[in-house]
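Structure first, then comments.
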Amino acid sequence: MPGVNKFAKLASVESALQALLDICSPIERTVKVDLEYADNRVVSRDVIAPRDYPHYSLCQVDGYAVRACDTAGCQGGRMLKPAAGDSVGPGTYRQVHTGGALPEGADAVVRMEETDPADGGRLFYNEVKPGENVLARGSILRKGDVACAAGVQLKPTDIALLAKLGLTGVEVFERPRVLIVPTGDELVERGKTPGPGAVNESNGIMCFLFIKRYGGKPALYDIVRDDPAKIAEALKMGSRYDLIVTTWGTSVGVRDRMEDAVSEVGKVLVHGVALKPGRPMGIGYVESGNKRTPIVFLPGLTEACASTMLTFVVPAIRKLGHYPPLHPRREKARLTRGLSGFAGANAFHKLYVEGGMATPMPLMGGAPKVGDYAYAIVPESIERYEEGEEVETIYLE
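Take the sequence shown: its position 255, counted from the start at 1, is 263 in the working numbering, and no numbers get skipped.
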């Protein structure tokens, strides 16, 4: 009697991803971090400006502070005299520098290059309006305004603004804590020489770096052998985290026990997805008391582990960490060789892109040339893209 193909019916990528996101609740733990460590962190509550910004009327150019009315109709050159004191009065000016405070009595600044020296003062050639070349106090933010809203993913320019407001730290959401569990009797620690039938463990470090890159706080568990009790023990440990990611043990071999292990400590929601490579991946949760920790069990083939990590785990981390959705760069490129699809699944391909031309290469083929590397996904409805056809490239990494 022929065996049953457990992956004959595959969940669509869209439905599987939605099943995962439905069980991922954004974390509410927060922490205050120094501004030096706030880049790319997500603000957990509105940051309120403690003072006006700027907190004084600021000169935006090097030049001369004047009363704008004294420059009216001065195109032929009008003589103004240096102010006797700190303030500017009728017919006078004071030299100022970029970033300096606007002197009392002045309401505009004339650029230095729009004047000439003259006996007893300077000649002014260009008329200015009130407020010209001046950033008025509170014109960007008033004390009590929202400087950065809750949910903003901070960028260096945002952080510079907070520093300008006199702040030294900001409250942000904690990064999602993710436990990575590599499994398999065939795995050997990195740095050791594997014998026949054994391989150095590499998925764990790849997943660790992906999770770190996209906003998670990864922890890498020791290699777990193909023992259901040992796997279940590791998964129970994972219930202390926000997300569990495992590698290997997801297919149909006698040592592929991940579905059974997850079922023993929780529930499997999806096993088998229409993505190649990556079909044997699964989604579920581990139960511990009232807590359900999402788990994504990824295939052992590194190419499949990479494609499913990018497709499923990265969006889960983004939701858990309150991060905004990613919008990877997409461009059209013309194929130098054909790309095959796969019946019943979206096919994931890596490309080297140069001068608008895309050359297919092995998914785990490294980076033999300096330049751009991107991905293309051939929909399950398309049998093949031919050489010379245009495809959409996606810069996922």
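Glycine is no exception: its CB is placed at the ideal position from the N, C-alpha and C atoms.
Nearest-angstrom beta carbon gap, residue j and residue i [assumed within contact, 8 Å]
i              : j              : result
proline 184    : glycine 224    : 5 Å
isoleucine 406 : leucine 228    : Past the boundaries of the shown model lies residue 406; the chain is included only from 9 to 405, so the question cannot be answered.
alanine 31     : arginine 300   : Here residue 31 is isoleucine; the residue named in the question, alanine, does not match the sequence. Their Cβ separation, rounded to whole angstroms, is 7 Å, which keeps isoleucine 31 and arginine 300 in contact under 8 Å.
valine 273     : alanine 237    : Incorrect: roughly 11 Å between the Cβ atoms, too far for contact.
alanine 116    : asparagine 141 : 6 Å
leucine 343    : valine 270     : Not confirmed; about 39 Å, so no contact.
glutamate 311  : glycine 346    : No, glutamate 311 and glycine 346 are not in contact; Cβ-Cβ is about 19 Å, not under 8 Å.
valine 207     : leucine 217    : Contact flag wrong, Cβ pair sits at about 18 Å.
arginine 233   : aspartate 193  : 5 Å
glutamate 267  : lysine 40      : 42 Å between Cβ atoms; not a contact.
threonine 401  : alanine 375    : Threonine 401 to alanine 375, Cβ: 15 Å. No contact.
aspartate 78   : glycine 99     : 6 Å
isoleucine 167 : leucine 43     : 5 Å
arginine 37    : glutamate 182  : 4 Å
Which of helix, strand or coil DSSP assigns to residue i
i                 : result
isoleucine 444    : Because the chain is modelled from 9 through 405, residue 444 falls outside the range shown and cannot be assessed.
glutamate 179     : strand
serine 315        : helix
methionine 372    : coil
glycine 223       : coil
aspartate 78      : helix
serine 23         : helix
phenylalanine 106 : Reading the sequence as shown, one finds threonine at residue 106 and not phenylalanine. The answer is coil: DSSP assigns threonine 106 none of H, G, I, E or B.
methionine 397    : One detail in the question is off: residue 397 reads as glutamate in this sequence, not methionine. Here glutamate 397 sits in coil by DSSP.
alanine 114       : coil
asparagine 211    : helix
methionine 87     : strand
tyrosine 101      : strand
methionine 365    : strand
tyrosine 403      : coil
glutamate 295     : strand
threonine 201     : coil
threonine 310     : helix
glutamate 388     : coil
tyrosine 331      : coil
leucine 18        : coil
tyrosine 381      : strand
tyrosine 45       : helix
Spatially closest choice to residue i from the options, by CA coordinates
i             : options                        : result
leucine 406   : Ile390, Val186, Arg342, Thr316 : Outside the modelled stretch of the chain, which goes from 9 to 405, sits residue 406, for which no answer is possible.
proline 62    : Tyr331, Val160, Ala109         : Ala109
aspartate 380 : Leu347, Arg337, Ala168, Ala116 : Arg337
valine 170    : Glu36, Pro58, Tyr331, Met266   : The residue you asked about is not valine; residue 170 is leucine in the sequence shown. Minimum Cα distance to leucine 170 is reached at Pro58.
methionine 17 : His279, Val321, Pro285         : Checking the sequence, you will find lysine at residue 17 rather than methionine. Nearest of His279, Val321, Pro285 to lysine 17, Cα basis: His279.
glutamate 295 : Val178, Lys275, Ser210         : Lys275
arginine 119  : Leu243, Ala126, Val178, Cys67  : Cys67
glycine 363   : Leu131, Ala341, Ile167         : Ala341
arginine 130  : Ser95, Ala116, Lys89           : Lys89
leucine 28    : Lys172, Ala269, Ile325         : Ile325
leucine 251   : Val361, Gly292, Pro332         : Gly292
glutamate 22  : Thr319, Lys137, Ser65, Phe132  : Thr319
alanine 158   : Gly349, Gly290, Asp54, Leu173  : Asp54
serine 95     : Pro370, Met245, Arg75, Leu359  : Arg75
glutamate 397 : Thr38, Ala375, Thr367, Asp166  : Thr367
glycine 349   : Met365, Tyr383, Ser389         : Ser389
alanine 80    : Cys215, Arg37, Tyr133          : Tyr133
glutamate 121 : Lys220, Val281, Tyr72          : Tyr72
arginine 198  : Ile231, Leu277, Ser315, Glu135 : Ile231
serine 65     : Pro138, Asp124, Lys200, Leu371 : Pro138
valine 321    : Ile303, His335, Tyr331         : Ile303
proline 323   : Cys313, Leu334, Ala314         : Leu334
alanine 24    : Pro332, Leu277, Val361, Glu339 : Leu277
Extent of the continuous alpha helix (DSSP H) to which residue i belongs
i           : result
alanine 168 : 164-172
proline 236 : 236-246
alanine 351 : Here alanine 351 belongs to no alpha helix (DSSP H), and DSSP marks it neither H nor E.
Terminal residues of the beta strand (DSSP E) in which residue i lies
i             : result
alanine 324   : Not the beta strand (DSSP E): alanine 324 falls in the alpha helix (DSSP H), residues 322-328.
valine 270    : Unbroken run through valine 270 is the alpha helix (DSSP H), 266-273; no beta strand (DSSP E).
lysine 299    : 299-306
glutamate 36  : Taken as a continuous stretch (DSSP letters only), glutamate 36 belongs to no beta strand (DSSP E), as it is neither H nor E.
arginine 130  : 129-132
aspartate 124 : 123-126
glutamate 194 : Glutamate 194 -> no beta strand (DSSP E), and no H or E assigned at all.
valine 186    : 185-190
valine 406    : This structure leaves residue 406 out entirely; the chain is present only between 9 and 405.
arginine 338  : 338-343
valine 154    : 154-156
Residue i Cβ short of 6 Å to the ligand MG heavy atom set
i             : result
aspartate 235 : Of ligands this structure carries none, so the ligand MG is not represented either.
Closer than 7 Å to chain C by CB, residue i
i             : result
threonine 255 : This model lacks chain C altogether, as it is built from one protein chain only.
**Request:** Flag this pair as touching only if the segment 248-255 and the segment 304-312 have three or more C-beta atom pairs under 8 Å; answer yes or no.
**Result:** Yes, the segment 248-255 touches the segment 304-312.
**Message:** With three or more beta-carbon pairs closer than 8 Å as the criterion, would you say the segment 89-108 touches the segment 152-163?
**Reply:** Judged by Cβ distances under 8 Å, the segment 89-108 makes no contact with the segment 152-163, as fewer than three pairs qualify.
**Meets three-Cβ-pair contact criterion under 8 Å: the segment 280-299 and the segment 348-366** = As far as the Cβ criterion goes, the segment 280-299 touches the segment 348-366, which means the pair count is three or higher.
**Prompt:** With contact counted as at least three CB pairs below 8 Å, one residue from each stretch, are the segment 160-179 and the segment 38-51 in contact?
**Reply:** With the cut-off at 8 Å, the segment 160-179 and the segment 38-51 touch.
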